[in-house]
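**Student:** Numbers 183 to 688, taken from the working numbering, label the letters of the sequence shown in order. Input: one structure, supplied below.
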Amino acid sequence: MLQGTASNVGKSIIAAGLCRIFYQDGYRTAPFKPQNMALNSYITDEGLEMGRAQVFQAEAAGIKPEARMNPILLKPCGNHTSQVIVNGKVIAQMHSSEYHTYKDTLIDVLRNTFEGLEKSYDIIVMEGAGSCAEINLKEKDISNMGMADIADSPVILVSDIDRGGVFASIVGTLMLLEEHERARVKGVIINKFRGKKEYFESGVRMLEDIIKIPVLGVIPYSDIKIEDEDSVTTRFKRTSEKRDINIEVIRTPHMSNFTDFDIFETQPDVSLKYIDYGENIGNPDILIIPGSKSTVSDLKYIRENGFDEDIKRCAESGKLVIGICGGYQMLGRKLIDKKHVESELDEVDGLGLLDTVTEFDSEKRTVQTERNISDCLSGYFESLSGKKVKGYEIHMGRTYPCSDSEIPMFQESSGKESSDGERDRKVSMGYVNSTGNIAGTYIHGIFDEVEFTRALLNGIRMRKGLEPIESEVKSFRQFKEREYDRLADMLRENMDIGKIYEIMGL
């Protein structure tokens, strides 16, 4: 089990790398995170919801993601409440105090889920959450040492040197652990190192003299492109030079599934920028309103910060405006919430850029989807007819057209998904306006199909008088496979993998 001295020290990435190494070495390996708090989630083949970190770890291990790899998923809703998802299904929305009590019932869930997973695989690579030394939360800990006790697992402690204070964080964490917990810690990894490691060797020796635990590796800061787990990522602060095509994404407080846009970072002619609080929307070629766990709240945020006027300005100037899931709902005329799923309001005005209305329901739709782009679209989508897209849906609302002015984005006869009955056949998973510059869809991962995305980008290039280009990345999945191999190579070079096998008794 990998546990951390803090959040965002790199546990998820190192876990993925170990999954890849064990897979390369012939072991059937699975990831496991007992409790994950994240707005980035994924829908399995069975229609079950799980955190995306365990998805890319499963990919690295060469297996399909299963919800039991992340049995407890908490999706923050604001005001100290979270949607609680257990083994892939929504249980309830709980206040933090209510959930603290509910944890008692989850211990058996974790034990049973872990034991079932353990019977199916040779190695389980577990990941803790945040810091393992939160002494005020230790009584009902199920994320770190509490889970290590259930699994009777050795622990490797991960710390981030880039943020400073690495020696104090490691020593302090170990001091705050109880004696039987410290006995579980068999090694330490120092992550995100910049500089020449030979200058750091004396520091490693001094640290080992103090903690009496071996340092198993000093991992360099790298440019390996693996998904970030959640919004603690530093990606939102990255600045990239302006390129031929500029894409801006509005970073709302409850933004979900920002991994939808990872593909753009593989395209050499694209710069991707997240617009945060206090910043201004510029003059992007594509403006994206992302998914949201709290659509009504994020729509209010957009209005309070004046982003709504910027969105309309981009739309009126003919720029491409795309809404994904919650962003799709915001683009319509009305958001109706008579069951008060999203807020205490029965009805909220949308941005009015699509002639649609969304009705929220208490039942969440979770399904994988495969579609083909409609052949009757204009504007930016005119050259995309028949292009295949696939991904998954996670939403509490259903979106309906108010008139025939909006055109379904997808051919309705195509797709691999479960049916929600007669009513849903009247609902498209996306709409495009008549001029083809405003579009919304419920499909997360829609841009992962390189052929579709590159055709969309080349259409923008041609509008700007630029020649189309081909993507060096022909398949996003193959690109990720290469990155997992790069990650494994980097860990093998900088970690004592033999010692890790020894710690596991292999």
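For glycine and all other residues, C-beta sits at the position ideal for the given N, C-alpha and C.
Can you give me the start and stop residues for the beta strand (DSSP E) that K572 sits inside?
**Tutor:** As a working mapping, residue 572 is identified with position 390 in the sequence shown. Residues 570-583.
**Student:** Where do the N-terminal and C-terminal ends of the alpha helix (DSSP H) with D331 fall, by residue?
**Tutor:** Taking the sequence shown and counting its residues from 1, the one referred to as residue 331 is at position 149. Residues 327-333.
**Student:** Residue ranges of each alpha helix (DSSP H) run of no fewer than 4 residues wholly in the segment 480-505, ordered along the chain?
**Tutor:** Fully enclosed alpha helix (DSSP H) runs of 4 or longer: 489-498.
**Student:** Who does F661 pair with in a DSSP beta bridge?
**Tutor:** Here the question's residue 661 lines up with position 479 in the sequence shown. Partner(s): none; F661 has no beta bridge.
**Student:** In the structure shown, what three-state DSSP assignment does I682 receive?
**Tutor:** Translated into the one-based positions of the sequence shown, residue 682 becomes position 500. Helix, per DSSP.
**Student:** Under 8 Å, with one C-beta from each stretch per pair, do the segment 579-587 and the segment 507-526 reach the 3-pair mark?
**Tutor:** Touching, per the Cβ criterion.
**Student:** Suppose you measure from the CA of M276 to the CA of K246; what does that come to, to the nearest Å?
**Tutor:** In the sequence shown, counting from the first residue as 1, residue 276 sits at position 94. In the sequence shown, counting from the first residue as 1, residue 246 sits at position 64. So the two alpha carbons sit approximately 30 Å from each other.
**Student:** Could you tell me the boundaries of the beta strand (DSSP E) in which Y624 lies?
**Tutor:** Position 442 of the sequence shown, counted from the first residue, corresponds to residue 624. Element bounds for Y624: n/a, residue is neither H nor E.
**Student:** Can you tell me whether S384 is buried or exposed? The criterion is at least 16 other CB atoms within 10 Å of its CB, across all chains shown.
**Tutor:** On the sequence shown, position 202 is the one that residue 384 refers to. Result: exposed.
**Student:** What are the start and end residues of the alpha helix (DSSP H) that includes T173?
**Tutor:** Residue 173 cannot be examined here, being either before or after the span of the chain that is shown, 183 to 688.
**Student:** Give the straight-line distance between the Cα atoms of E649 and V431, rounded to the nearest whole angstrom.
**Tutor:** In the sequence shown, residue 649 corresponds to position 467, counting from 1. In the sequence shown, residue 431 corresponds to position 249, counting from 1. If you take the alpha carbons of E649 and V431, they lie about 25 Å apart.
**Student:** Am I right that Q236 and P258 are in contact with their C-beta atoms under 8 Å? What's the rounded C-beta distance?
**Tutor:** By one-based count along the sequence shown, residue 236 stands at place 54. By one-based count along the sequence shown, residue 258 stands at place 76. Their Cβ separation, rounded to whole angstroms, is 18 Å, which puts Q236 and P258 out of contact at 8 Å.
**Student:** Can you give me the C-alpha to C-alpha distance between I625 and Y381, rounded to a whole angstrom?
**Tutor:** Position 443 of the sequence shown, counting from 1, holds the residue named residue 625. Position 199 of the sequence shown, counting from 1, holds the residue named residue 381. Using only the alpha carbons, I get a separation of about 49 Å.
**Student:** Please confirm whether any heavy atom of the ligand ZN lies closer than 6 Å to the CB of E231.
**Tutor:** By its list of ligands, the structure shown contains no ligand whatsoever, and the ligand ZN lies outside what it can speak to.
**Student:** Give me the Cβ distance between D458 and R485, rounded to the nearest whole Å; I'm assuming they're in contact under 8 Å.
**Tutor:** Residue mapping note: residue 458 aligns to position 276 of the sequence shown, counting from 1. Residue mapping note: residue 485 aligns to position 303 of the sequence shown, counting from 1. Not really, about 16 Å apart at Cβ, beyond 8 Å.
**Student:** Report back the beta-carbon spacing between L566 and L502 to the nearest angstrom; my notes put them in contact at under 8 Å.
**Tutor:** The residue labelled residue 566 in the question sits at position 384 within the sequence shown. The residue labelled residue 502 in the question sits at position 320 within the sequence shown. The pair is not a contact, with the Cβ atoms about 12 Å apart (cut-off 8 Å).
**Student:** In the DSSP output, what is H277 paired with across the bridge?
**Tutor:** Taking the sequence shown and counting its residues from 1, one reaches residue 277 at position 95. Answer by DSSP bridge pairing, in chain order: T263.
**Student:** So does the segment 612-627 actually touch the segment 487-507, counting three or more Cβ pairs closer than 8 Å?
**Tutor:** These segments touch.
**Student:** I need the boundaries of the alpha helix (DSSP H) containing D342, first residue and last residue.
**Tutor:** Within the sequence shown, numbered from 1, the residue matching residue 342 stands at position 160. Premise fails: D342 lies in the beta strand (DSSP E), 337-342, not in any alpha helix (DSSP H).
**Student:** If we ignore side chains and look at the alpha-carbon of each, how far apart do R607 and E228 end up?
**Tutor:** Numbered from its first residue, the sequence shown carries residue 607 at position 425. Numbered from its first residue, the sequence shown carries residue 228 at position 46. Residue confidence for R607 is low, a pLDDT of 38 falling below 50, so the modelled location carries little weight; the figure read from the coordinates is stated next. In a straight line, the C-alpha of R607 is about 21 Å away from that of E228.
**Student:** Here's the rule I'm using: 16 or more other beta-carbon atoms within 10 Å means buried, otherwise exposed. How should T187 be labelled?
**Tutor:** As a working mapping, residue 187 is identified with position 5 in the sequence shown. Classification of T187: buried, given that the 10 Å Cβ count is 16 or more.
**Student:** Beta-carbon within less than 7 Å of D531's beta-carbon, same chain only, minus the 5 sequence neighbours each way: which residues are those?
**Tutor:** Walking along the sequence shown from the start, residue 531 turns up at place 349. Cβ neighbours of D531 beyond the five flanking positions: K516.
**Student:** Please determine if the segment 568-577 and the segment 613-621 are in contact, where contact requires at least 3 C-beta pairs separated by less than 8 Å.
**Tutor:** Short answer: they don't touch.
**Student:** Which residues bound the alpha helix (DSSP H) around E155?
**Tutor:** The question about residue 155 has no answer here: the residues shown for the chain are numbered 183 through 688.
**Student:** Compute the Euclidean distance between the alpha carbons of R425 and L535, then round it to the nearest angstrom.
**Tutor:** In the sequence shown, counting from the first residue as 1, residue 425 sits at position 243. In the sequence shown, counting from the first residue as 1, residue 535 sits at position 353. Those two C-alpha atoms are separated by around 28 Å.
**Student:** When the Cα atoms are used, what is the spatial distance from G464 to I493?
**Tutor:** Mapped onto the sequence shown, residue 464 falls at position 282. Mapped onto the sequence shown, residue 493 falls at position 311. Rounded to the nearest angstrom, the two C-alpha atoms are 10 Å apart.
**Student:** Which word fits L165, buried or exposed, when buried means at least 16 other C-beta atoms lie within 10 angstroms of its C-beta?
**Tutor:** Given that the chain is displayed from residue 183 to residue 688, the structure contains no residue 165 and the question cannot be resolved.
**Student:** Using C-beta distances below 6 Å, list every residue in its chain close to R605, excluding the 5 sequence neighbours before and after it, in chain order.
**Tutor:** Within the sequence shown, residue 605 is the residue found at index 423, counting from 1. Confidence at R605 is low in this model, with a pLDDT of 42, below 50, so the placement of that residue is unreliable and no value is reported for it.
**Student:** So, using beta-carbon positions, are G233 and N218 closer together than 7 Å?
**Tutor:** In the sequence shown, the residue the question calls residue 233 occupies position 51. In the sequence shown, the residue the question calls residue 218 occupies position 36. Against a cut-off of 7 Å, the Cβ pair of N218 and G233 comes out as a contact.
**Student:** Buried or exposed for S499, going by 16 or more other Cβ atoms inside 10 Å?
**Tutor:** The residue labelled residue 499 in the question sits at position 317 within the sequence shown. Exposed, because fewer than 16 other Cβ atoms sit within 10 Å of the Cβ of S499.
**Student:** Is E524 closer than 7 Å to V478 when the C-beta atoms are compared?
**Tutor:** As a first step, residue 478 is located in the sequence shown; it is residue number 296 there, counting from the start. As a first step, residue 524 is located in the sequence shown; it is residue number 342 there, counting from the start. Cβ atoms of V478 and E524: closer than 7 Å.
**Student:** With a threshold of 8 Å, are at least 3 pairs of Cβ atoms found where one atom belongs to the segment 461-476 and the other to the segment 203-211?
**Tutor:** No: the two stretches stay apart, fewer than three of their Cβ pairs being nearer than 8 Å.
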